[in-house]
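Structure, as structure tokens:
In our numbering, the protein residues as written are 11 to 626.
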């Protein structure tokens with residue numbers, strides 16, 4: 011056998027017999043060799059015993075951690091319920107859970123775990139188990155006590171207005187704890203999310219995914235609570251009076267964000283007390299000769315210059331922050347004092363709020379008493395009022411009186427606090443409650459929540475890679491027959507494309523529930539400037555997900571594929587006018603593509619109407 015480094019002649023040397031050793035030397039050599047063998051074997055045995063002991067040590071720690079985490083997992087659901095219902099009685103249970111969580115964390119830390127983290131094959135598992143146990147320990151010992159104290163301080167009955175005022179002190183008192191808890195949860199979520207699950211053992215990888223999902227769910231709660239704890243006191247005048255515009259959108263004449271603004275209330279918030287300064291008809295603001303703010307080309311193409319000239323048309327855009335800034339500019343341009351922001355509600359939300367409260371009454375322009383409750387509010391404000399008052403000015407007066415009555419009712423303390431909060435949350439999810447603040451720091455906190463009404467919308471927590479499709483309606487018949495229009499939208503097909511994009515098919519179904527017989531008895535004001543038989547005409551706008559495209563919009567009835575293509579704020583838009591006769595259903599089939607990196611189940615954001623449905 012030759013090697014260049016051994017010299018040229020090495021392969022030419024003959025292999026000879028090794029010289030014999032003397033007998034005594036040979037015996038000594040054998041004894042030495044046996045001793046060496048014994049030392050080697052002893053060393054190997056020692057290493058094996060050490061490894062086994064180390065493995066047993068780790069195994070013991072793992073078992074202790076597993077048992078402790080099992081105890082935490084079993085106890086936390088009941089503990090959370092106790093903390094909500096009886097915080098004082100939950101103290102002992104909380105202490106037990108904290109001990110178990112600390113045991114799990116202690117069992118997965120120490121020199122043996124530092125060494126294990128550096129070993130091949132098991133290092134990833136050791137680090138992951140340590141991270142998970144630490145996260146659980148922090149959640150139980152830091153987050154849960156802070157949130158339980160906050161929940162006790164701001165329980166629904168404690169934050170229900172009394173005697174015309176909401177006590178802001180409890181909110182202010184828990185603000186720092188809630189923000190700190192959210193910071194901790196976010197940190198633990200980042201730590202667990204950074205773990206590479208591909209190299210973990212199956213059960214540990216599954217546990218890591220479950221903990222990450224649960225942390226995302228918890229973070230959605232703590233992030234919302236932290237924003238509310240910071241925003242609400244300031245917005246409600248804890249630091250001095252704040253002035254707001256409250257617009258009542260009327261879904262009977264659909265607009266992209268919900269409906270045409272009917273009444274506008276100027277509301278002042280001062281240390282938790284809300285006062286209606288004045289209410290005006292939306293039609294009294296404008297029309298202005300020129301848009302109050304510059305419109306871009308896409309806005310003019312999609313909505314016309316009236317978006318910036320008529321207060322009743324600011325909601326043509328599905329971008330609520332844009333609509334709110336336009337309305338604020340119109341308000342001040344008309345000579346009114348500046349305001350801190352804009353809040354929007356609709357009759358469906360008002361009815362839900364009254365269901366959580368008591369009926370309200372007011373005197374209408376004819377001097378008659380009107381009572382609204384949790385069953386009749388939407389119908390009265392979107393249908394009955396037009397039959398009773400053909401004059402638009404009187405209609406606007408009714409909207410203002412009704413909104414003011416509901417606002418006053420909430421401050422009397424007769425509401426079910428829990429039901430009221432649930433109604434507000436559901437209204438926000440449906441897009442019936444939106445908020446915009448003129449303060450950039452406050453708006454930054456509103457951004458990314460369902461309250462924002464932003465053009466790009468919001469997907470559920472943990473689904474940042476899910477595409478969002480917008481489907482919005484703008485009625486063009488200038489009537490109030492939108493009350494009889496039901497809207498359904500669903501994704502009927504989703505096929506994967508390259509780069510984790512998807513090809514989507516969305517079906518939009520519009521049904522005119524008005525019968526010809528009913529239409530014959532409706533006032534001309536309700537029927538609008540279209541056909542007098544109750545036909546509804548709407549512009550349907552479909553917004554593709556970010557970096558996506560609308561490929562086609564087909565009217566199913568005749569197979570026509572005409573579409574008005576635009577782009578707004580970087581989103582591809584396909585628009586089409588649809589006419590629906592009484593008793594008729596029209597369907598649109600929309601084909602579009604998502605942007606890359608959006609492989610999850612798509613979501614829809616649809617104009618909130620009287621009757622609507624969406625399916626994932």
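Heads up, the beta-carbon is just placed ideally off N, CA and C, and yes, glycines get one too.
Cβ-based neighbour list, residue i, same chain, cut-off 7 Å, excluding 5 preceding and 5 following
i: residue 326; result: 265, 266, 313, 317, 484
i: residue 397; result: 533
i: residue 511; result: 603, 604, 605, 606, 608
i: residue 412; result: 372, 382, 391
i: residue 416; result: 360, 363, 364, 370
i: residue 273; result: 258, 289, 291, 292, 406, 409, 410, 413
i: residue 308; result: 576, 577, 578
i: residue 347; result: 253
i: residue 22; result: Bear in mind that the predicted position of residue 22 carries a pLDDT of just 38, short of 50, making it too unreliable to give a figure here.
i: residue 469; result: 476, 478, 613
i: residue 182; result: 243, 248
Neighbour-count burial assignment, residue i, 16 or more Cβ in a 10 Å radius
i: residue 502; result: exposed
i: residue 235; result: buried
i: residue 474; result: exposed
i: residue 615; result: buried
i: residue 301; result: buried
i: residue 464; result: buried
i: residue 549; result: buried
i: residue 332; result: buried
i: residue 421; result: buried
i: residue 467; result: buried
i: residue 385; result: exposed
i: residue 306; result: exposed
i: residue 570; result: exposed
i: residue 68; result: Reliability of the predicted coordinates at residue 68 is poor, the pLDDT of 38 falling under 50, and the value obtained from them is presented with this limitation in mind. Counting Cβ neighbours within 10 Å, residue 68 comes out buried, since at least 16 surround it.
i: residue 229; result: buried
i: residue 323; result: buried
Residue i - DSSP class collapsed to helix/strand/coil
i: residue 584; result: strand
i: residue 301; result: coil
i: residue 263; result: coil
i: residue 229; result: helix
i: residue 522; result: strand
i: residue 464; result: coil
i: residue 509; result: helix
i: residue 385; result: coil
i: residue 576; result: strand
i: residue 516; result: strand
i: residue 150; result: helix
i: residue 421; result: coil
i: residue 330; result: helix
i: residue 615; result: strand
i: residue 293; result: helix
i: residue 595; result: strand
i: residue 610; result: coil
i: residue 283; result: strand
i: residue 399; result: coil
i: residue 378; result: coil
i: residue 198; result: helix
Other residues of its chain near residue i: CB distance less than 8 Å, five sequence neighbours each side excluded
i: residue 414; result: 275, 286, 289, 372
i: residue 594; result: 521, 522
i: residue 260; result: 269, 270, 271, 272, 356, 357, 391, 392, 409, 490
i: residue 567; result: 596, 597
Same chain, Cβ closer than 6 Å to residue i, neighbours up to 5 away in sequence not counted
i: residue 351; result: 254, 446, 447, 448
i: residue 513; result: 505, 507, 603
i: residue 232; result: 191, 192, 195
i: residue 488; result: 538, 539
i: residue 152; result: 194
i: residue 426; result: 366
i: residue 564; result: 571, 599
i: residue 493; result: 262, 392, 393, 620
i: residue 343; result: 302
CB-CB length for residue i against residue j, believed under 8 Å
i: residue 192; j: residue 247; result: Not a contact, Cβ separation roughly 24 Å.
i: residue 638; j: residue 320; result: Nothing in the structure corresponds to residue 638, since the chain is present only between 11 and 626.
i: residue 619; j: residue 455; result: At roughly 29 Å, the Cβ-Cβ gap does not stay under 8 Å, so residue 619 and residue 455 are not in contact.
i: residue 328; j: residue 482; result: 5 Å
i: residue 150; j: residue 185; result: Not confirmed; about 22 Å, so no contact.
i: residue 160; j: residue 187; result: 6 Å
i: residue 545; j: residue 589; result: 6 Å
Could you tell me whether the segment 588-604 touches the segment 559-572, where touching means 3 or more Cβ pairs closer than 8 Å? Contact between the segment 588-604 and the segment 559-572 is established, with three or more Cβ pairs separated by less than 8 Å.
Hey, is the segment 499-515 in contact with the segment 573-583, meaning 3+ C-beta pairs nearer than 8 Å? no
Taking one C-beta from the segment 449-460 and one from the segment 359-366 each time, how about it: are there three or more such pairs within less than 8 Å? no
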